[in-house]
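*Asks:* Just so you know, we're using the UniProt record's numbering here: the sequence shown kicks off at 1 and counts up by one. One structure, as structure tokens, below. Some questions next.
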Amino acid sequence: MHANLAEAEAALARGDYGQSLALLEPLAASHPLPHAEGARIRMLMVTAWMGQGDERKALATCRLLTRCKDLELRQNAKQLLIVLEAPSLQRPANWSIRLPNLNMTATTAARPVSARRPSLRPAPPPPPATGPTKAPNLGFLILVLLVLIGLTMLLSGLAIPPR
Numbered sequence: 001m002h003a004n005l006a007e008a009e010a011a012l013a014r015g016d017y018g019q020s021l022a023l024l025e026p027l028a029a030s031h032p033l034p035h036a037e038g039a040r041i042r043m044l045m046v047t048a049w050m051g052q053g054d055e056r057k058a059l060a061t062c063r064l065l066t067r068c069k070d071l072e073l074r075q076n077a078k079q080l081l082i083v084l085e086a087p088s089l090q091r092p093a094n095w096s097i098r099l100p101n102l103n104m105t106a107t108t109a110a111r112p113v114s115a116r117r118p119s120l121r122p123a124p125p126p127p128p129a130t131g132p133t134k135a136p137n138l139g140f141l142i143l144v145l146l147v148l149i150g151l152t153m154l155l156s157g158l159a160i161p162p163r
């Protein structure tokens, strides 16, 4: 019994209200409302019905829970009842996004969309032409060595004659 209740709570936490109700309904049948366990099960059912948008069932069960013997559950039921009885407010259209219905059906006869429509993107340019890597010339090596020796002497104080 406790395993089913834990599974139902986990499903409720995941937002899987249908599975939660499927697990809670047999438990509610075996635990009457006057018992604390039955009231707790029905409180979870109210939450699942609210998640599914079935406010009529949630409201009816919540009204029954306001007469529960358990003070904490009764308080929670009263708070939920206030939420359920509150008028629903109109939401401005720009607060929500409407997703178009993609109507995805699996048909093997139809070609995929990418095969039906020619590509609008131009072909990517070819990679730049590069030749084989060459070793630096001897003159470059001599120049780098002279610069490094000059910097070493300058920074060590050898290039500046003492006064």
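Just so you know, even glycine gets a beta-carbon here, dropped at the ideal spot from N, CA and C. These numbers come from a predicted model, not from an experiment.
Whose C-alpha, out of A36, L33, E9, is nearest the C-alpha of L23?
*Replies:* E9
*Asks:* Check whether the region 96-103 touches the region 59-69, taking contact to mean three or more Cβ pairs, one atom from each stretch, closer than 8 angstroms.
*Replies:* no
*Asks:* What whole-angstrom Cβ distance do A29 and R42 have, given they're in contact under 8 angstroms?
*Replies:* About 11 angstroms separates the two Cβ atoms, so there is no contact after all.
*Asks:* Helix, strand or coil for residue 248, going by three-state DSSP, please let me know.
*Replies:* Missing from the structure shown is residue 248; the chain here goes from 1 to 163 and no further.
*Asks:* Determine the burial state of R40: buried for a count of at least 16 other Cβ atoms within 10 Å of its Cβ, exposed for fewer.
*Replies:* buried
*Asks:* For the alpha helix (DSSP H) containing K47, list its first residue and its last residue.
*Replies:* Checking the sequence, you will find Thr at residue 47 rather than Lys. 36-52 is the span of the alpha helix (DSSP H), which, as asked, contains T47.
*Asks:* Buried or exposed: which applies to V46, given that a residue is buried once 16 or more other Cβ atoms fall within 10 Å of its Cβ?
*Replies:* buried
*Asks:* Is DSSP giving P26 helix, strand or coil here?
*Replies:* helix
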